[in-house]
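In the UniProt record's numbering, the protein residues as written are 10 to 328. Single-structure report; data block below.
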Ligand code: NVA
């Protein structure tokens with residue numbers, strides 16, 4: 010059975026599902042919800058939101074769970090191993106069932122195509138809580154954190170040092186370009202952003218006044234940067250590659266020495282979990298320029314804004 014089409018239905022599957030004006034709206038809403046966390050109840054009822062995790066989670070589960078409750082809703086945790094989406098039954102069939110029970114679906118999984126299939130068949134907003142390709146909720150939190158510090162995003166320069174082909178590298182390219190930032194990604198050979206991703210982000214940057222580039226030398230990427238970002242060398246699902254990855258990523262380590270090339274006002278972000286002494290030195294992660302704990306807190310405010318915005322746009326919010 011086809012799900013009844015819902016006019017205005019919106020999802021957040023990749024960072025560029027939000028155009029520049031919409032991204033700014035979501036960030037403004039996140040700031041407002043942070044200032045008054047218990048005032049807005051678009052999920053009153055309570056409306057249920059399904060949260061399904063096929064990969065490990067700490068921040069995402071806790072921040073969505075707390076955030077959904079603060080919005081007046083009911084966070085419904087679904088065990089990814091038990092649901093076995095795509096194995097026990099197809100993604101479209103799961104989508105049709107969930108969409109008749111809940112007001113929105115938050116899903117952390119592997120394949121972006123599976124997430125797209127969920128969105129196609131659910132009839133309710135679907136939120137990407139991390140896939141192999143993108144981590145857009147993290148980017149709303151990251152941009153909120155940067156905007157709190159600098160008051161603006163457009164024109165700032167960002168250096169992403171590490172696995173440039175991972176979800177965080179791709180999400181920084183798309184979301185940073187959408188915000189009009191200058192994003193430089195430095196990664197070892199074999200881990201650079203794809204030409205396709207650079208072109209997709211570059212087309213956005215051409216409209217917003219931002220820019221994107223892949224830069225071989227991490228010093229060149231970090232020089233003058235306002236925001237310096239890194240992420241684990243071994244993303245979830247890539248554990249079998251950890252020995253090989255540790256051999257090639259050593260030159261792309263966020264050390265105090267590398268950070269000394271950044272702008273004087275530079276801040277450091279890391280989505281966590283962090284591996285001190287590997288992709289980031291303890292003195293950087295725990296140092297005065299690090300905003301990682303604000304960044305982790307902002308997951309809740311950011312994701313509340315994403316959910317509130319999506320259910321409102323989709324005509325599903327409590328009146
Ligand atoms: N790139 C990392 C991000 C963790 C939040 C991963 O996918 O494991």
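We treat Cβ as the ideally placed atom computed from N, Cα and C, and that holds for glycine. Fair warning: this is a prediction, and the values are worked out from it, not measured in the lab.
query	result
Determine the DSSP secondary structure at residue 84, reduced to helix, strand or coil.	strand
Is any non-hydrogen atom of ligand 1 found closer than 7 Å to the C-beta of residue 240, if you look at the structure I gave you?	yes
Of all the options 164, 160, 98 and 67, which has the alpha carbon lying nearest to the alpha carbon of residue 117?	67
Determine, using beta carbons only, whether residue 99 and residue 176 come nearer to each other than 8 Å.	no
What residue from 139, 322, 113 and 109 has the CA that sits closest to residue 123's CA?	139
Since residue 113 sits in a beta bridge, which residues does DSSP pair it with?	58
Determine the DSSP secondary structure at residue 262, reduced to helix, strand or coil.	coil
Report yes if the CB atom of residue 154 is closer than 8 Å to the CB atom of residue 294, and no otherwise.	no
List the endpoints of the continuous alpha helix (DSSP H) containing residue 21.	That residue, residue 21, is in no alpha helix (DSSP H); it is neither H nor E in DSSP.
Would you tell me roughly how many angstroms separate the C-alpha atoms of residue 129 and residue 233, rounded to the nearest one?	43 Å
Could you tell me whether the Cβ atoms of residue 75 and residue 247 are closer together than 8 Å?	no
Determine, using beta carbons only, whether residue 121 and residue 142 come nearer to each other than 8 Å.	yes
Ligand 1 heavy atoms versus the CB of residue 21: any closer than 7 Å?	no
Quick check on the burial criterion: 16 or more other C-beta atoms within 10 angstroms. Buried or exposed for residue 333?	The displayed coordinates of the chain run from 10 to 328. Any statement about residue 333 would go beyond what the structure contains.
Does the beta-carbon of residue 205 have 16 or more other beta-carbons within 10 angstroms, so that it is buried, or is it exposed?	exposed
Taking C-alpha atoms, which residue in 151, 87, 57 and 43 lies nearest to residue 63?	87
Is residue 52 a contact residue of ligand 1, with contact defined as CB to any heavy atom under 7 Å?	no
Determine the direct distance from the alpha carbon of residue 35 to that of residue 327, and round the result to whole angstroms.	18 Å
If residue 314 sits next to residue 39, beta carbons under 8 Å apart, how far is it from one beta carbon to the other, in whole angstroms?	4 Å
Using the C-alpha atoms, what's the distance from residue 217 back to residue 187?	6 Å
Can you give, in chain order, each stretch of the alpha helix (DSSP H) that sits fully within the stretch 223-295 and has at least 4 residues?	227-231, 251-258, 265-268 and 291-294
Measuring CA to CA, which of 168, 148 and 104 is closest to residue 272?	168
Please tell me whether residue 80 and residue 49 are closer than 8 Å, where the distance is taken between their beta carbons.	yes
Can you give the Cα-Cα distance for residue 220 and residue 70, rounded to whole angstroms?	33 Å
Here's the rule: buried if 16 or more other CB atoms are within 10 angstroms of the residue's CB, otherwise exposed. What is residue 151?	buried
Between the Cα of residue 170 and the Cα atoms of 180, 194 and 92, which residue gives the shortest distance?	194
Which same chain residues end up closer than 6 Å to residue 10 when comparing Cβ atoms and leaving out the 5 residues on each side of it in sequence?	Confidence in residue 10 is poor, its pLDDT being 47 and thus under 50, which makes the residue's placement unreliable; the coordinate value appears in the next sentence. Closer than 6 Å at the Cβ level, and outside the excluded window around residue 10, lies no residue.
Quick check on the burial criterion: 16 or more other C-beta atoms within 10 angstroms. Buried or exposed for residue 201?	buried
Between residue 189 and residue 163, is the Cβ-Cβ spacing less than 8 Å?	yes
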